[in-house]
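Worksheet: the structure to be examined is printed underneath.
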Amino acid sequence: MFTDRFIQYIKFEKRYSPHTVSAYQSDLDQFIGFLNYPDQIISHPQEITHYHIRNWMVELMNQQLTARSVNRKIATLRKYFKFLVQEGILTVNPASKINTPKIPKHLPVVVEDARLTQMLDNGEVFSDDFSGTRDKLIIEMLFGTGIRLAELLGIKESDINTYEGTVKVLGKRNKERIIPLNQELRHLLLKYNELKKSENFGNNSLILIVTDKGANAYPKLIYLTVQKYLSHISTQNKKSPHVLRHTFATSLLNAGADLNAIKELLGHANLSATQIYTHNSVERLKSIYKLAHPKA
-14 MFTDRFIQYI KFEKRYSPHT VSAYQSDLDQ FIGFLNYPDQ IISHPQEITH YHIRNWMVEL
46 MNQQLTARSV NRKIATLRKY FKFLVQEGIL TVNPASKINT PKIPKHLPVV VEDARLTQML
106 DNGEVFSDDF SGTRDKLIIE MLFGTGIRLA ELLGIKESDI NTYEGTVKVL GKRNKERIIP
166 LNQELRHLLL KYNELKKSEN FGNNSLILIV TDKGANAYPK LIYLTVQKYL SHISTQNKKS
226 PHVLRHTFAT SLLNAGADLN AIKELLGHAN LSATQIYTHN SVERLKSIYK LAHPKA
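Per the working numbering, residue -14 is the first one in the sequence shown, and the count goes up by one each step.
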């Protein structure tokens, strides 16, 4: 089915992240498994029509998958078949005719930035050793720059310019962007790097965030760290690194930052992706109005 060629393509030519490559592989394996169900055997992509894809989509929805998950899997197929067309294996992309389900709009989940700042400024929450300083740096980086989890894991020590007060981030589609660092974050980075060197594993890794043993940090470490500290200030179920990214964007918007500037800081390709944060600001204005206006 040429899936191996496609995976090699996105891995080495497109240079997608390991997480993205794994997701694409999983989606394709599920689709091929569906195609090769006992009552139908498909051996070549030319035999696949939009009816097969639509039937798979129905099957996924019957399994109670969310519209967002279904859309992501169909997007995988679109890209896969587009690759086969480019390679001359197919003449038509059978996924191009598929209409995906609408995704219900949900406001981004955020935490109260004042409580988050108070926690970060509280000297008793984070220990002064390497682990505590690293944990604080994880929270400060996510909240202070709005970067994604994968972007944080990919930051090298050489990407930090403490003199200029900037960090270079490699985002989606291998697009680089420069994000400013606040003064407190710059001081924290200096302290962290000193402790990292004192642990005698500073030279073992070029990656900024490392484990207690000096190995490159991994997604679960970041997730557990964020969940641990957000539990101090929030009772909401969602306590992921992306919540801090949402909080970063919403805080900037509430403070009057230009939407285009926030778009550049977040690394969004389109302004429409950034505009969702305006809904949070409108809701905030409504709550202020209800509390403050005599006619509310």
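Glycine included, every Cβ here is placed at the ideal spot set by N, Cα and C.
What number of angstroms, rounded off, separates the C-alpha of residue i from the C-alpha of residue j?
{"i": "S81", "j": "D114", "result": "54 angstroms"}
{"i": "P279", "j": "K90", "result": "31 angstroms"}
{"i": "I123", "j": "I59", "result": "33 angstroms"}
{"i": "F16", "j": "E44", "result": "10 angstroms"}
{"i": "T118", "j": "V110", "result": "11 angstroms"}
{"i": "Y293", "j": "D14", "result": "Because the chain in this structure spans residues -14 to 281, residue 293 falls outside the shown range and cannot be described."}
{"i": "A240", "j": "N265", "result": "13 angstroms"}
{"i": "T130", "j": "L20", "result": "44 angstroms"}
{"i": "P79", "j": "R230", "result": "36 angstroms"}
{"i": "Q71", "j": "V77", "result": "10 angstroms"}
Over the uninterrupted beta strand (DSSP E) stretch that includes residue i, give me the two end residues.
{"i": "I164", "result": "161 to 165"}
{"i": "L155", "result": "151 to 155"}
At which residues does the alpha helix (DSSP H) containing residue i begin and terminate?
{"i": "V211", "result": "204 to 215"}
{"i": "L45", "result": "35 to 47"}
{"i": "K305", "result": "Here the chain has residues from -14 to 281 only, and residue 305 is not among them."}
{"i": "I218", "result": "That residue, I218, is in no alpha helix (DSSP H); it is neither H nor E in DSSP."}
{"i": "K181", "result": "168 to 183"}
Please classify residue i as buried or exposed, where buried requires at least 16 neighbouring CB atoms within 10 angstroms.
{"i": "I285", "result": "Since the first and last residues shown for the chain are -14 and 281, residue 285 lies out of range."}
{"i": "G73", "result": "exposed"}
{"i": "L276", "result": "exposed"}
{"i": "S61", "result": "One detail in the question is off: residue 61 reads as Thr in this sequence, not Ser. It counts as buried."}
{"i": "D106", "result": "exposed"}
{"i": "A202", "result": "buried"}
{"i": "R133", "result": "buried"}
Can you find a C-beta in chain B that's less than 8 angstroms from the C-beta of residue i?
{"i": "K181", "result": "Looking for chain B here will not work: only one protein chain is present."}
Are the Cβ atoms of residue i and residue j separated by less than 8 angstroms?
{"i": "D120", "j": "T210", "result": "yes"}
{"i": "K87", "j": "A52", "result": "yes"}
{"i": "G282", "j": "R171", "result": "Coverage of the chain is limited to positions -14 through 281, which leaves residue 282 absent and any answer about it impossible."}
{"i": "V96", "j": "V228", "result": "yes"}
{"i": "L138", "j": "P226", "result": "no"}
{"i": "L250", "j": "I164", "result": "yes"}
Check whether the segment 259 to 266 and the segment 230 to 248 touch, using three or more Cβ-Cβ pairs below 8 angstroms as the test. yes
State whether the segment 51 to 68 contacts the segment 10 to 30, with contact taken as three or more CB pairs (one from each stretch) at a distance under 8 angstroms. yes
Counting beta carbon pairs with one atom in the segment 205 to 225 and one in the segment 143 to 163, are three or more of them shorter than 8 angstroms? no
Quick check: the segment -14 to -6 against the segment 121 to 136, are at least 3 beta-carbon pairs closer than 8 angstroms? no
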